[in-house]
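A.B. asks: Residues 641 to 748 in this note's numbering are what the sequence shown lists, from first letter to last.
For every residue, glycine included, the Cβ atom is placed at its ideal position computed from N, Cα and C.
These numbers come from a predicted model, not from an experiment.
What follows is a structure written as structure tokens; I'll ask about it next.
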Amino acid sequence: MDSERRIELMAEEFKVLGDKTRLRILALLQDRELCVCDLTEVLGISQPGVSQHMRRLRQAGFVNERRGGQWIYYSLNMGNLLLGLLMPTFPKVEGDHERLMRAKGCPT
């Protein structure tokens, strides 16, 4: 990959990381894989809103997804070099983690 293209990709990665909600999602994914329904409860935003954030994170290579039945589960892509450098500096948002512990999870 030429240096011009790499600069473009890096700029896009930083744009994706420039959103507070996406940073909160990455912080939540530090501990475990999560489903969109978990994130909607914790973040207090709609399923389409969470899905849009997850699409941007996935396209930038920050998260992996796997389908489990009718649900899609997301985890951090620690193979992403930038994410590997940044994650040790991510704070845990206490309110988010408390809400995650109380979340009902996906309906079965």
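Can you name the start and end residues of the alpha helix (DSSP H) that E673 belongs to?
C.D. replies: Unbroken run through E673: none, as it is neither H nor E.
A.B. asks: Taking its Cβ as the centre, do 16 or more other Cβ atoms sit within 10 Å of R645, making it buried, or is it exposed?
C.D. replies: exposed
A.B. asks: To the nearest angstrom, how far is the alpha carbon of Q710 from that of R698?
C.D. replies: 19 Å
A.B. asks: Who are the near neighbours of K732 in its chain, counting only those whose CB is closer than 8 Å to its CB and skipping five residues on each side?
C.D. replies: A667, Q670
A.B. asks: Please identify the residue among R664, N720, F730 whose C-alpha is closest to the C-alpha of I685.
C.D. replies: Closest option to I685, Cα to Cα, is R664.
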